[in-house]
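Peer 1: Pasting a structure here, questions to come.
Numbering (my numbering), first residue to last: 51 to 215.
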């Protein structure tokens, strides 16, 4: 939280929305929240069910604006924007290229687990769809990890492990 945030009547900016926070727990939680929106957005776009997205928004707040783009799917691109997310977090924390690679792999692990879980429950209630994502968010928050980019990676790895995939 900056001095401007404390003086403003508005809520502090999200860690992924250009804020300058380098708190590992906040950054990992924000990344998981953002990934949840992206994954559930794709589940809704493919399956036509948006119950999970609504439940996740109620838990974590509004999405950062990432929306499913079928053109990326046809091109076999990075449909979740993981490389950009890893690059943004790496720049904020001053990560080395090796650390950025570790971060990208951790983000991929969370995304893979979230996708398997959410797609497998695409017809279920919103609360049931986000149960695994909520458990991942809780696992990241309680993971015994330090600060800096290594702390973010450790928290994301704990979140990925919570899916058991």
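Ideal Cβ placement from N, Cα and C applies to all residues, glycine included.
Pull up the distance between the alpha-carbon of residue 200 and that of residue 213, whole angstroms please.
Peer 2: 21 Å
Peer 1: Please report the straight-line C-alpha distance between residue 302 and residue 205, rounded to a whole angstrom.
Peer 2: In the structure as shown, the chain begins at 51 and stops at 215. Residue 302 is therefore absent and cannot be evaluated.
Peer 1: On the criterion of 16 or more Cβ atoms from any shown chain inside 10 Å, does residue 179 qualify as buried, or is it exposed?
Peer 2: buried
Peer 1: Quick check: what's the CA-CA separation for residue 76 versus residue 126?
Peer 2: 31 Å
Peer 1: Any idea what DSSP makes of residue 107, helix, strand or coil?
Peer 2: helix
Peer 1: Rounded to a whole number of angstroms, what is the C-alpha to C-alpha distance between residue 79 and residue 124?
Peer 2: 30 Å
Peer 1: Tell me which residues share the same chain as residue 145 and place their Cβ nearer than 6 Å to its Cβ, disregarding the 5 neighbours each side in the sequence.
Peer 2: For residue 145, where only same-chain residues beyond five positions count, the Cβ hits under 6 Å are 199.
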